[in-house]
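Student: I'd like to ask you about the structure that follows.
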Amino acid sequence: MSANLGTATWGVGESLSPDRKAQDGAGGMSEERIDELVGLDAKQAIASLASDLDADKIEFDAPETFPGPIAEAAYWDDASVVGLQGPVGSGKTTTMLKSRLRRAMCAPRSVIDGRRRYKLLVIRATYRQLWSTTIPDFLKVYPKELGDWSGGKGGPVTFEMVFDDGLHVDPPMGFAGDWSNEIQFTVEFMAFGDDIQGSLRGYQATDIWLHEMDTNPVDVIVNGITRIARYPGQDHYRGYPAELRNYGQLVGDFNAPEPGNWAIDLFHDEKKRAELLKVMNADLPEGASAIVINFYRQPGFGEDGCENLQNLAPGYYHTQIATLRLLGRGDQIDRLVFNKIVHTKAGEPVFQREFSRRLHVSDVTLTPWPGVPLLVGLDQGFKGAAVIGQVLTEGTGRLQKVFWQILAEAHYPTERLMARTFGDRLSELLETRFPGLPVAGGWSDMAGEHGASQAADENHTWNLLVSRAAGFRVRPQKIGTNRLQPRLEAVRAALEAPTSAGRTGLLIDPSCAFLIAGFEARYVWTFEVDARGDKRKVPNKSLTEANVMDALQYLLLSHVRADGTTEQQIPPEQRGLIGHNGGPSLSGGNGGLSTGYDILNPYGGN
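Listed below in structure tokens is the structure:
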């Protein structure tokens, strides 16, 4: 048998550039280099990869040391589905790769010739992802000279290796056929592209490995679970007990996923995982082994038990933190270094300075304030959105304070909904979550007052159709004539409002995933060029969270003025008086007439 390679085989982590990095990760490889590898046949591409990627020998024995106890537990696990989540540099990818060799050596012997046959399917979305990170990581564990490479040129790649692990077993008494103690180890690298079901249809594998598992769509799991335990075929396992005839596994390693990713439901939410397993096991044929899903989370840097530190250079994580902080990517520090579930920024958040998750997002589900009606902000369109909240005021006049709590949101980005359908769903949400609570009204985009393309009657507007279906009046939001600046100032005023009696100006229920994502990472600045070629900074409306953020803005504008300050209340002694008679100014306190036209902002933009 081969000698153990020791702890050095776990590697020394990886150097982060902000884009790996979180997505398909080139690992420092240039775009031109990746294009070259994709275009070559497999043998040429493997031969051209840098020699420092290639392991010098293979390790058949179990490692003498592991990155840590979490990685070791995942290595030995034979559950149907295994997920291993950890920070960058934690040894999780190497653990998954080394455990594949263990699985091949533990595979049942064929009753036909005694040979053990094992086929691993490695899946990514594109061949660029396979060649930029997955295949180079594979070569750090499996020397390229120990097997034959075939395929490539933009298509699947196959690695085949035949070896003898030294565990010789004599053929059973009376066996008359050929007998071999060899292990046939096959790895196929495949990209599913735009057709997951079509790519996997009819495929037969022993195990499936999903590198950077969370970046794959959930359909890969749904279809992949039906493709494992199909190789080498039941003829080779005839007579074995059910648990050996069902020898197959789907595994994956990944960094902390973003909120809303399917991996959170599958691995982090025990209740949802139990519900899923109940459905999956109910469809199994009689005698089949139950499907088991196991999850392992390695501690992030700074947590007790952080793994693989013994194999990392001194200051490894501090360097990653400093680099990402200089690049303004604090979100990546949390996700990739501290192993926390956070949103990855799509750019510079519009409210980056004002928003604090600690202050503005509740740790627990919010309870509606008794006796306070609900208010709804809406954004019209096929991708409509609604934000449901309550407001309390404290004091009067210029010192008045306004406190908002946002209880729920309604948004369906994967569907194009007619206005009436959206209204029906909003009504159902209100009745389910807040039975008996009155709705004082809704405020929407002024565009919702135009004839709706979703309506059979050209005179029906989006606001009217939603009003009828939801059961409350939807008003067009006219403050600021729908200019961007008043809407943004309304949000800033709520975020920056001083706390009073433990209340913040804006507190959001943790269920409002789109709203929180918008504040943290997805409602971001971009540049817009007008017809004259002038460029201005505006929120990026191409991201779906912008619809929910707009709905919030219309809601907040129902209780603030166009400059973002709270409505000025008229003191009792001035009621009935106006202007020079001692009451509030007719012009809003600025003196003179107000035309509604801002000469410094003639186009009504930001």
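Residue numbers for the sequence shown follow this note's numbering, so the first one is 570 and each next one is one higher. Yeah, the Cβ is synthetic: ideal placement off N, Cα and C, and Gly gets one too.
1) Pull up the distance between the alpha-carbon of Arg807 and that of Thr990, whole angstroms please.
2) Which term fits Val919, buried or exposed, when burial requires 16 or more other beta carbons within 10 angstroms of its beta carbon?
3) To the nearest angstrom, how far is it from the Cα of Gly817 to the Cα of Ala857?
4) Compute the distance between the beta-carbons of Phe823 and Thr775, then report whether it is under 9 angstroms.
5) Return helix, strand or coil for Trp645, following the three-state DSSP convention.
6) Can you have a look at Lys661 and say buried or exposed, based on whether 16 or more other CB atoms are within 10 angstroms of its CB?
7) What are the uninterrupted segments assigned as alpha helix (DSSP H) that are 4 or more residues long and contained completely in the region 937–980, given in chain order?
8) Hey, how far is the Cα of Asp763 from the Cα of Val789?
9) Determine the burial state of Gln974: buried for a count of at least 16 other Cβ atoms within 10 Å of its Cβ, exposed for fewer.
10) Exposed or buried, what is Ser1036 when buried is set at 16 or more other beta-carbons lying within 10 Å of its beta-carbon?
11) Report back the beta-carbon spacing between Gln867 and Gly655 to the nearest angstrom; my notes put them in contact at under 8 angstroms.
12) Just reading off the alpha helix (DSSP H) that Ser996 is part of, what are its end residues?
13) Can you give me the C-alpha to C-alpha distance between Ala1038 and Ser768, rounded to a whole angstrom?
14) Assuming Ile797 and Ala648 are in contact, meaning their beta carbons sit under 8 angstroms apart, how far apart are those beta carbons, in whole angstroms?
15) So for Pro1055, helix, strand or coil by DSSP?
16) Could you check how far apart the C-beta atoms of Pro741 and Lys626 are, in whole angstroms? I think they sit under 8 angstroms.
17) Is the region 1115–1130 in contact with the region 1047–1064, if contact means three or more CB pairs nearer than 8 angstroms?
18) Out of Ala811, Gly658, Leu947, state which residue places its alpha-carbon closest to the alpha-carbon of Pro883.
19) Distance check for Trp1094 and Leu895, CA to CA, integer angstroms please.
20) Considering only the beta carbon of each residue, do Leu944 and Leu1076 sit closer than 9 angstroms?
21) Give the single residue among Gly1005, Lys709, Leu928, Phe744 whose Cα lies nearest to the Cα of Ala1063.
22) Based on the DSSP output, what are the partners of Phe864 in its beta bridges?
23) Would Thr1001 be called buried (16 or more neighbouring beta carbons within 10 Å of its own) or exposed?
24) Hey, quick one: how far does the alpha helix (DSSP H) through Thr888 stretch, first residue to last?
25) Evaluate the contact criterion for the region 1039–1049 versus the region 994–1011: three or more CB pairs, one atom per stretch, below 8 angstroms.
26) What's the gap between the Cα of Val933 and the Cα of Met849?
27) If you draw a straight line from the alpha carbon of Phe1003 to that of Gly869, how long is it in whole angstroms?
28) Taking the alpha-carbon positions, what's the Gln949 to Glu923 distance?
29) According to DSSP, Met730 sits in a beta bridge with which residue or residues?
30) Tell me, to the nearest whole angstrom, how far the beta carbon of Asp734 is from that of Ile752; I am working on the premise that it is less than 8 angstroms.
31) Start and end of the beta strand (DSSP E) containing Phe823?
32) Over the uninterrupted beta strand (DSSP E) stretch that includes Val1008, give me the two end residues.
33) Nearest by alpha-carbon distance to Thr892: which of Val906, Ala825, Ala1070 is it?
34) Alpha carbon to alpha carbon, what distance is there between Arg671 and Ile681?
35) Using a Cβ-Cβ cutoff of less than 8 angstroms, which residues in the same chain neighbour Gly964 once the five nearest sequence positions on both sides are dropped?
36) May I have a chain-ordered list of the beta strand (DSSP E) segments no shorter than 3 residues that lie completely inside the region 738–786?
Tutor: The short version:
1) 55 angstroms
2) buried
3) Whole-angstrom Cα-Cα distance: 12 angstroms.
4) no
5) DSSP places Trp645 in helix when its eight states are reduced to three.
6) buried
7) none
8) Between the C-alpha atoms of Asp763 and Val789 there is a straight-line separation of about 11 angstroms.
9) buried
10) buried
11) 3 angstroms
12) 988–1002
13) 42 angstroms
14) About 12 angstroms separates the two Cβ atoms, so there is no contact after all.
15) helix
16) The Cβ separation is near 33 angstroms, so there is no contact.
17) The region 1115–1130, when compared against the region 1047–1064, does touch it at the 8 angstroms Cβ threshold.
18) Gly658
19) Answer to the nearest angstrom: the Cα atoms are 19 angstroms apart.
20) no
21) Leu928
22) Gly652
23) exposed
24) 885–895
25) Taking 8 angstroms as the limit for Cβ pairs, the verdict is that the region 994–1011 does touch the region 1039–1049.
26) For Val933 and Met849, the distance between alpha carbons rounds to 31 angstroms.
27) 39 angstroms
28) 26 angstroms
29) Phe754
30) About 6 angstroms separates the beta carbons of Asp734 and Ile752, which is inside the 8 angstroms limit, making them a contact pair.
31) The continuous beta strand (DSSP E) containing Phe823 extends over residues 818–823.
32) 1008–1013
33) Val906
34) 22 angstroms
35) Lys970
36) If only complete runs of 3 or more residues are kept, the region 738–786 shows the beta strand (DSSP E) at 752–760, 776–780, in order along the chain.
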